[in-house]
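These notes are about the structure you will find just below.
In full-length UniProt numbering, the protein residues as written are 1 to 122.
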């Protein structure tokens, strides 16, 4: 084979073992002393290590994200009162938006100047 048995279509190379006299290889470079084989095997090992590192990093990151999402935020401050952000609920936001839109509609109906309308709305 033209690859000198240094590609995965050589069964021995794919299994990460040296070719031997039992193989049907011609022009084989898949033997211990072959510099080409050593280079390719080091490269393959380095790639495998890199994949393992990336997998470990992804797993750790996923775990940290899950922990962060599952963590509950405190509602009560150390002083015993509710923290300010807990008052902003979906209902409060909807009511506030309705009020702002109503103010804008009223300003438009009475044909207020833009600066005056903005002041009334905000």
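Just so it is clear, CB atoms sit at the ideal spot from N, CA and C, and this is done for glycine as well.
Query - residue 91 versus residue 49 - alpha carbon distance - result: Along the chain shown, one-based indexing puts residue 91 at 91. Along the chain shown, one-based indexing puts residue 49 at 49. Computed Cα separation, rounded: 52 Å.
Requested in this report: Identify, in the order they occur along the chain, each residue of the same chain with its Cβ nearer than 8 Å to the Cβ of residue 114, setting aside the five sequence neighbours on each side.
Outcome: Along the chain shown, read from residue 1 onward, the residue named residue 114 stands at position 114. Here the set comprises nothing.
Query raised in the report: CB-CB under 6 Å to residue 120, same chain, minus the five flanking residues each way: which ones, in chain order?
Result: One-based indexing of the chain shown puts residue 120 at position 120. 103 and 107, listed in sequence order.
Query - For residue 111, three-class secondary structure by DSSP - result: As a working note, residue 111 is residue 111 in the chain shown. Residue 111: coil per DSSP, three-state reduction.
Requested in this report: Check whether the Cβ atoms of residue 20 and residue 12 lie closer than 9 Å to each other.
Outcome: Along the chain shown, read from residue 1 onward, the residue named residue 20 stands at position 20. Along the chain shown, read from residue 1 onward, the residue named residue 12 stands at position 12. Yes, the pair counts as a contact, with Cβ atoms nearer than the cut-off.
Query raised in the report: Buried or exposed: residue 99, going by 16 or more other Cβ atoms within 10 Å of its Cβ?
Result: Locating residue 99 in the chain shown gives position 99, counting from the first residue. Residue 99 should be labelled exposed.
Requested in this report: Could you tell me the distance, in whole angstroms, from the CA atom of residue 16 to the CA atom of residue 41?
Outcome: Working through the chain shown from its first residue, we reach residue 16 at position 16. Working through the chain shown from its first residue, we reach residue 41 at position 41. So the alpha carbons of these two residues sit roughly 8 Å apart.
**Report entry** Span separating the alpha-carbon of residue 118 from that of residue 70
**Finding:** For this step, residue 118 is matched to residue 118 along the chain shown. For this step, residue 70 is matched to residue 70 along the chain shown. Rounded to whole angstroms, residue 118 to residue 70 spans 41 Å at the Cα level.
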